[in-house]
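What follows is one structure encoded as structure tokens, with my remarks underneath.
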Amino acid sequence: MAFLRDYRAARRDEAELGLGVWRRAHDRFRRGLDRFHQILESLPDKTLAQSVVPTANALADLLPEVRAVCAAAQRTAPSTSHDIPASPGGYLNDVHRELSRAGNAMAQAAEALTMARFVRAEEESSAHRLDAVVRRAEAVREHVERAGELLQRG
18 MAFLRDYRAA RRDEAELGLG VWRRAHDRFR RGLDRFHQIL ESLPDKTLAQ
68 SVVPTANALA DLLPEVRAVC AAAQRTAPST SHDIPASPGG YLNDVHRELS
118 RAGNAMAQAA EALTMARFVR AEEESSAHRL DAVVRRAEAV REHVERAGEL
168 LQRG
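Residue 138 in our numbering sits at position 121 of the sequence shown, with consecutive numbering throughout.
The structure is reproduced here in structure tokens:
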């Protein structure tokens with residue numbers, strides 16, 4: 018039964034996101050989010066993990082927004098290749114750039130979370146250990162919002 022569910026999800030993704038740059042931008046963001054949560058689940062310091070949960074939830078809440086931006090971009094300018102479709106003033110290049118930056122910031126947030134696990138709890142407070150994670154998560158949110166704004170203006 019899981020095979021059928023996975024097949025339907027893949028078909029829905031193909032229909033909504035296509036197979037080109039918009040699908041890859043969405044999938045990259047989702048992989049980064051999955052990686053962030055994998056790292057969170059593997060944290061040995063449960064106090065640290067509990068303090069990261071709100072940030073992790075905020076990042077997860079961005080996935081539907083990323084999907085909506087990518088789906089709208091696919092409807093506006095379908096992509097089936099590695100090339101960003103042409104647009105007046107190149108605004109789709111800017112949308113794609115912001116989505117890429119969001120994916121990069123997501124990977125950096127996961128990296129910051131990994132690094133936070135190696136700081137000894139006695140040396141620094143949990144809040145200080147998470148400053149970099151929170152900053153990167155905020156950058157993710159800003160890039161996603163900017164991508165949506167650019168697409169709407171285009």
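The C-beta atom is built at its ideal place from N, Cα and C for all residues, glycine as well.
Limits of the unbroken alpha helix (DSSP H) element including residue i
i      : result
Gly106 : Neither: Gly106 is in no alpha helix (DSSP H) and is coded neither H nor E.
Phe53  : Val38 to Glu58
Asp148 : Asp148 to Arg170
Thr172 : The requested residue 172 does not occur in the structure, where the chain is confined to residues 18 to 171.
Pro71  : Lys63 to Ala77
Proximity winner among the options, relative to residue i (alpha-carbon distances)
i      : options                           : result
Pro105 : Ala27, Gly37, Gly171 and Arg25    : Gly171
Arg163 : Pro102, Arg92 and Val112          : Val112
Glu79  : Val157, Ala103, Leu168 and Tyr108 : In the sequence as displayed, the identity of residue 79 is Leu instead of Glu. Ranking the options by Cα distance to Leu79, first place goes to Val157.
Close beta carbons around residue i, own chain, < 7 Å, minus the five adjacent residues each side
i      : result
Ala154 : Thr72, Ala75, Leu76 and Ala126
Arg84  : His43
Phe135 : none
Ala89  : Leu168
Arg45  : Gly120
Cβ-based neighbour list, residue i, same chain, cut-off 6 Å, excluding 5 preceding and 5 following
i      : result
Glu82  : Val161
Gly37  : Ser96, Thr97 and Ser98
Leu109 : Ala94, Ile101 and Pro102
Arg40  : Leu34
Leu116 : Ala42 and Ala164
Gln91  : Leu34, Gly35 and Trp39
Exposure of residue i, with buried meaning 16 or more beta-carbon neighbours within 10 Å
i      : result
Arg25  : exposed
Val150 : buried
Glu31  : exposed
Gly35  : buried
Glu58  : exposed
Gln67  : exposed
Gln55  : exposed
Val69  : buried
Contacts around residue i, its chain only, beta-carbon distance under 8 Å, and the 5 residues preceding and following it disregarded
i     : result
Phe53 : Ala73, Leu76, Met123, Ala126, Ala127 and Leu130
Pro61 : Arg134
Val86 : Val112, Leu116, Val161, Ala164, Gly165 and Leu168
>> For the structure I just gave you, are there three or more beta carbon pairs, one from the segment 113-124 and one from the segment 43-61, closer than 8 Å?
In response: yes
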